[in-house]
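A.B. asks: Following my numbering, the numbering of the sequence shown begins with 612 at its first residue and continues without gaps.
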Amino acid sequence: MAIFNESNPDSYRSIYGSLFSEFGEEITTKIHEAYAGRQISFPKKLYTEEYINYYVQKNKTEKSPAVMADELECTERIVRRHMKESRDMESEQFEQSVKTISRYRPVYNELYLEFGEKIMKEIYALYRGHQISFPKKLYTENYIMHYVKEHMWDMTGSELAKELGYTERRISQLIKSIMDRQEKS
C-alpha cells in the first residue's frame, strides 16, 4: 500500500504530482494557489513580439539572424521579418517603445515574477504548447482519507476542512465512512 503524505507525488492530483516531482512542495503549493480551478494555455513562444522586435533592433549589427533566432527560440524568418520592420522605425519611436515592453508572454511573465527565471524556464520547457487544467483540489482522495483518518481525533471538522480545502459537511461524511469501516473490521 502506498504511503500518502505531502512528500509523496501520488498524494497530489494530476498535474500537481508532476509539478511536485520537478519542483517540490513549496512551489507546487504556490502554483495551486495561483491557478486552482483554471485552465491555462502555455504558448509555444516564450517572448512577446515587442521583445523580439526590441532584441532584434538592439542586436542586429552584432549578431547574425541565426544566432538571434536561437537565443529567442524562434525561426530565422521571424528574425528577418523583425529586422525588415525595424529599419522603418525611427530611433525616437524605438526609445519610447522600449519603456513599455514586456519580455515574456503573460503566463510566463506571471511565473517569472513569482518564481524567477530558472523555474519559469523549466515550466516553459515542460509545458510549452500545452493547455493544462489545474484541479481545484491539491490532494487525491486517498491522501484526504489518510489525512482525515490520522487527524480526526486531534483536529475539529472545521480545522480539517480548512486545512484540506473541503467543506465541513464533506469532512463529516469522510469521518463517518472511516468510522463505519472501522466498525466492520
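Every residue, glycine too, gets a C-beta built ideally from N, C-alpha and C.
So what's I712 in DSSP terms, helix, strand or just coil?
C.D. replies: coil
A.B. asks: From what residue to what residue does the beta strand (DSSP E) around S652 run?
C.D. replies: Q650 to S652
A.B. asks: Do you know how far the Cα of I712 is from the Cα of K787?
C.D. replies: 56 angstroms
A.B. asks: Hey, how far is the Cα of M612 from the Cα of S625?
C.D. replies: Low confidence applies to M612: its pLDDT is 37, below 50, so where it sits in the model is not reliable enough to give any reading.
A.B. asks: Under 8 angstroms between the Cβ atoms of L737 and Y627?
C.D. replies: No. Outside cutoff.
A.B. asks: Under three-state DSSP, which class holds Y623?
C.D. replies: DSSP places Y623 in strand when its eight states are reduced to three.
A.B. asks: Mark Y777 as exposed unless 16 or more other C-beta atoms lie within 10 angstroms of its C-beta, in which case mark it buried.
C.D. replies: buried
A.B. asks: Alpha carbons only, please: which of S629, Y646, L657 and E636 is nearest the one belonging to P746?
C.D. replies: Among S629, Y646, L657 and E636, the Cα nearest to that of P746 is on Y646.
A.B. asks: On the DSSP bridge assignment, give the partners of Y658 in chain order.
C.D. replies: Y715
A.B. asks: Would you mind giving the Cβ-Cβ distance between V667 and S697, rounded to the nearest angstrom? I have them listed as a contact below 8 angstroms.
C.D. replies: 6 angstroms
A.B. asks: Just verifying my parser: in three-state terms, what is the DSSP assignment at S788?
C.D. replies: helix
A.B. asks: Starting from the C-beta of N731, find all residues in its chain whose C-beta is less than 7 angstroms away, skip the five residues before and the five after it, and write them out in chain order.
C.D. replies: According to the sequence displayed, residue 731 carries Met and not Asn. Excluding sequence neighbours, M731 sits near Y719, L722 and Y723.
A.B. asks: Leaving out five residues on either side along the sequence, give the residues of the same chain with a beta carbon under 8 angstroms from the beta carbon of L630.
C.D. replies: Here the set comprises Y623, I638, T639 and I642.
A.B. asks: DSSP on S675, reduced to helix/strand/coil?
C.D. replies: coil
A.B. asks: Tell me S783's beta-bridge partners as DSSP assigns them.
C.D. replies: In the DSSP output, where bridge partners are listed per residue, S783 has none listed.
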